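First the structure, in the form of structure tokens, and then the observations on it.
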Amino acid sequence: MKMEFLTWYTAMLDSLPNSRGCFDIPALQDAGHRRYEAIENPNTIRFWSVLAAMPDCLPSVMVLDQAMVRIGAATDLTPGLDMRALLQGLMPWRKGPFSIFGVDIDTEWRSHMKWDRLAPALPPLYGKRILDIGCGSGYYMCRLAAAQPAMILGADPSDLFLAQWILLSRYLFPTSALSQKGLPVTGFFPFGYETILGKVHFMDVVLAMGVLYHQRSPLHFLLDLKSFLKPGGCLFLETLIIDSPEDVALFPRDRYAQMRNVYFLPSLSCLKNLCMRAGWRWDTVIDVSLTTVQEQRRTDWIKTDSLMDFLDPKDPAKTIEGYPAPLRALVRLSLPES
Ligand SMILES: C[S@@+](CC[C@H](N)C(=O)[O-])C[C@H]1O[C@@H](n2cnc3c(N)ncnc32)[C@H](O)[C@@H]1O
Numbered sequence: 013m014k015m016e017f018l019t020w021y022t023a024m025l026d027s028l029p030n031s032r033g034c035f036d037i038p039a040l041q042d043a044g045h046r047r048y049e050a051i052e053n054p055n056t057i058r059f060w061s062v063l064a065a066m067p068d069c070l071p072s073v074m075v076l077d078q079a080m081v082r083i084g085a086a087t088d089l090t091p092g093l094d095m096r097a098l099l100q101g102l103m104p105w106r107k108g109p110f111s112i113f114g115v116d117i118d119t120e121w122r123s124h125m126k127w128d129r130l131a132p133a134l135p136p137l138y139g140k141r142i143l144d145i146g147c148g149s150g151y152y153m154c155r156l157a158a159a160q161p162a163m164i165l166g167a168d169p170s171d172l173f174l175a176q177w178i179l180l181s182r183y184l185f186p187t188s189a190l191s192q193k194g195l196p197v198t199g200f201f202p203f204g205y206e207t208i209l210g211k212v213h214f215m216d217v218v219l220a221m222g223v224l225y226h227q228r229s230p231l232h233f234l235l236d237l238k239s240f241l242k243p244g245g246c247l248f249l250e251t252l253i254i255d256s257p258e259d260v261a262l263f264p265r266d267r268y269a270q271m272r273n274v275y276f277l278p279s280l281s282c283l284k285n286l287c288m289r290a291g292w293r294w295d296t297v298i299d300v301s302l303t304t305v306q307e308q309r310r311t312d313w314i315k316t317d318s319l320m321d322f323l324d325p326k327d328p329a330k331t332i333e334g335y336p337a338p339l340r341a342l343v344r345l346s347l348p349e350s
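Heads up: the sequence shown begins at 13 in the working numbering, then just goes up one per residue.
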């Protein structure tokens with residue numbers, strides 16, 4: 013498993029153009045070695061055995077511009093290969109949906125609903141460089157690729173999402189096929205964004221959706237994100253908020269909707285204050301909406317609890333801890349030109 017990870021990671025780093033010294037390659041190489049050493053989760057062995065068993069075949073179809081990201085068809089496979097069983101080996105599938113060689117994966121999140129809120133607000137992406145922080149399985153990276161940016165990078169520390177991305181990108185973005193298909197260079201950093209801070213000052217667009225509330229220090233997070241963007245670049249920030257006219261934030265005593273790693277949920281005006289005091293220009297509020305059980309729910313592809321189980325059964329306007337139910341804001345921020 014160690015060799016497979018390092019082989020994949022080295023090839024991924026090698027595929028990134030570094031002509032302007034934008035990446036600190038030696039630091040990233042070290043980080044890759046440290047990352048592997050830190051893997052302790054026994055599930056990771058299962059994930060890598062699935063990846064090793066995936067067939068070497070060319071997908072006959074590829075659809076990136078529809079809600080269901082589609083890769084290949086059942087007829088691309090050697091008869092008898094149980095693709096469903098392989099894909100079940102990478103459960104839980106949280107972000108999607110995907111159809112992979114004829115197997116439809118109804119993910120916990122219908123991520124296309126968030127995409128549909130985001131997409132109309134995106135600038136023209138053709139030829140641009142995009143970074144998705146907290147990219148999960150890479151669903152939004154796939155959707156972004158349809159607009160033919162030059163480069164899409166993702167960063168996410170989860171072993172599960174890394175495995176899902178390796179599976180998807182193997183068929184969608186094989187490095188040898190780049191020029192023929194007009195697809196972007198893609199890269200996935202299997203770390204927290206902190207590890208890639210450094211020289212990367214050359215993104216046109218950064219997405220940070222569903223990440224701020226996982227940060228112990230949201231102000232530092234917002235300060236850090238500035239170092240990824242070119243002057244004039246923009247950040248699409250999506251986060252949990254509370255509905256309050258005051259400049260305040262909720263800091264849960266313990267869990268929020270059963271999640272242990274949720275820290276600050278600001279009001280919209282408090283979020284604006286945070287962003288502006290971190291030096292961002294507050295461009296626009298794109299959307300504010302409640303997360304519904306239509307968007308996040310248990311399916312056959314995740315066996316654990318989902319949003320419905322995290323809300324108060326007597327009052328779905330509250331989490332089971334008694335906090336306001338999940339409400340999310342999506343905003344566009346930019347860096348002043350000077
Ligand atoms: C709630 S999910 C959001 C996923 C996706 N962006 C979306 O909006 O559907 C939060 C993701 O952020 C990742 N994450 C948490 N801390 C992070 C960090 N410091 N840097 C990058 N990703 C992080 C988690 O692993 C997880 O995949």
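In this text, a Cβ means the ideal position worked out from N, Cα and C, and glycines have one as well. All of these numbers come straight from a predicted model, not from anything done at the bench.
In whole angstroms, what separates the C-alpha of residue i from that of residue j?
| i | j | result |
| --- | --- | --- |
| Ile37 | Lys284 | 35 Å |
| Cys69 | Ile145 | 30 Å |
| Leu262 | Gly44 | 36 Å |
| Leu190 | Ala64 | Low local confidence applies: a pLDDT of 45 at Leu190 is under 50, so the model's placement there is unreliable, and no value is given. |
| Ile208 | Phe35 | 8 Å |
| Gly148 | Thr56 | 16 Å |
| Met74 | Ala159 | 14 Å |
| Gln192 | Ala157 | Note on Gln192: pLDDT 47, under 50, position unreliable in the model; the coordinate value appears next. Their Cα atoms are separated by approximately 14 Å. |
| Tyr151 | Leu184 | 12 Å |
| His124 | Arg106 | 12 Å |
| Gly10 | Thr251 | An answer regarding residue 10 cannot be provided, because it is not within the stretch 13 to 350 covered by the chain. |
| Trp177 | Trp20 | 11 Å |
| Phe416 | Leu130 | Limits of the chain in this structure are 13 at one end and 350 at the other, which puts residue 416 out of reach. |
| Arg228 | Leu234 | 12 Å |
| Lys211 | Gly114 | 41 Å |
Hey, residue i and residue j: beta-carbon distance below 9 Å or not?
| i | j | result |
| --- | --- | --- |
| Tyr335 | Pro278 | no |
| Leu224 | Phe200 | no |
| Pro202 | Asp168 | yes |
| Asp216 | Pro132 | no |
| Gln270 | Thr311 | no |
| Thr316 | Leu339 | no |
| Asp295 | Val343 | yes |
Flag residue i as yes when its Cβ comes closer than 8 Å to any non-hydrogen atom of ligand 1, and as no otherwise.
| i | result |
| --- | --- |
| Val217 | no |
| Glu120 | no |
| Ala157 | no |
| Phe173 | yes |
| Met153 | no |
| Val223 | yes |
| Ala65 | no |
| Asp317 | no |
| Gly84 | no |
| Pro169 | yes |
| Lys238 | no |
| Asp299 | no |
| Tyr205 | yes |
| Tyr330 | As written in the sequence, residue 330 is Lys, which differs from the Tyr given in the question. No, Cβ of Lys330 sits at least 8 Å from all heavy atoms of ligand 1. |
| Gly199 | no |
| Gly146 | yes |
| Glu250 | yes |
| Gln176 | no |
Let me check understanding here. Comparing Cα to Cα, which of the options lies closest to residue i?
| i | options | result |
| --- | --- | --- |
| Leu241 | Thr19, Pro132 and Trp292 | Trp292 |
| Ile253 | His226, Cys246 and Asp171 | His226 |
| Leu134 | Glu16, Met163, Leu219 and Gln100 | Leu219 |
| Leu280 | Asn273, Arg272, Tyr268 and Asp299 | Asp299 |
| Gly84 | Ile164, Met95 and Ser72 | Ser72 |
| Glu349 | Cys246, Phe59 and Arg182 | Cys246 |
| Arg309 | Ala39, Pro104 and Asp94 | Pro104 |
| Pro196 | Pro257, Pro230 and Tyr138 | Tyr138 |
| Ala290 | Thr90, Asp255, Val305 and Pro230 | Pro230 |
Quick check on residue i - is its C-beta less than 9 Å from some C-beta in chain B?
| i | result |
| --- | --- |
| Trp105 | No chain B appears in this structure, which consists of one protein chain only. |
Under the criterion of a Cβ to heavy atom distance below 8 Å, does residue i qualify as lining ligand 3?
| i | result |
| --- | --- |
| His232 | Of the ligands this structure carries, namely ligand 1, none is ligand 3. |
Quick one: which unbroken alpha helix (DSSP H) runs of 4-plus residues sit fully inside the stretch 231 to 292? Chain order, please. 280 to 289
Run through the stretch 143 to 181 for me and flag every whole beta strand (DSSP E) of 3 or more residues, listed as ranges in chain order. 163 to 167
For the stretch 90 to 146, list the beta strand (DSSP E) runs that are entirely contained and at least 3 residues long, ordered along the chain. 110 to 112, 115 to 117 and 141 to 145
Runs of 4 residues minimum, wholly inside the stretch 303 to 334: which ones carry the alpha helix (DSSP H) assignment? The qualifying runs are 319 to 322.
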